[in-house]
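Take a look at the structure set out below.
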Amino acid sequence: MTSTTPAAEIVADAQLAVASEAQGATHCAFVNGGVPGGAAFVPLTGGTCQVPQILKGDVYVFLASAGPATGVLSDDITVAGPMVVQIS
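Residue numbers (the working numbering): 153 to 240.
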């Protein structure tokens, strides 16, 4: 899993472009210590996902096959990752 978005452009509300050979991904899961449940899930559309406004600093990004409202990223829905990004 990689990103084609330049590091300087990874900010809240920006589109993060991700590339992966993994199949079945429908959501990006952004994981850091400040998210209720552990992860912020956003839809993956056309190889991009919107960086959530609530995140800043070092964040782990995963691709997931679901986006549970609980915010819990589990092994059974993880299809790729982690990828570490710095959100400014």
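Quick reminder that beta carbons are idealized off the backbone N, C-alpha and C, glycines included. If you're wondering where the values come from, they're calculated on a predicted model, not measured in any experiment.
Just the Cα atoms here: how many angstroms apart are residue i and residue j?
{"i": "Phe214", "j": "Asn184", "result": "11 Å"}
{"i": "Gly223", "j": "Phe182", "result": "10 Å"}
{"i": "Ser226", "j": "Ser155", "result": "22 Å"}
{"i": "Ile206", "j": "Val236", "result": "17 Å"}
{"i": "Pro158", "j": "Pro234", "result": "18 Å"}
Compare the Cα-Cα distances from residue i to each of the options and report the closest residue.
{"i": "Ser240", "options": "Ile229, Asp227, Asp210 and Gly186", "result": "Asp210"}
{"i": "Ala218", "options": "Leu168, Tyr212, Gly176 and Gly198", "result": "Gly176"}
{"i": "Val203", "options": "Thr154, Ala169 and Met153", "result": "Ala169"}
{"i": "Thr197", "options": "Thr230, Gln205, Lys208 and Ala171", "result": "Ala171"}
{"i": "Ala221", "options": "Val231, Ala232 and His179", "result": "His179"}
{"i": "Ala166", "options": "Gly186, Lys208, Pro188 and Ala174", "result": "Lys208"}
{"i": "Gly241", "options": "Thr200, Ala174 and Tyr212", "result": "This structure does not reach residue 241, given that the chain is present from 153 up to 240, and the question cannot be answered."}
Could you give the DSSP three-state label for residue i: helix, strand or coil?
{"i": "Asp165", "result": "coil"}
{"i": "Ala160", "result": "helix"}
- Query: Hey, is the segment 159-173 in contact with the segment 185-192, meaning 3+ C-beta pairs nearer than 8 Å?
  - Reply: Short answer: they don't touch.
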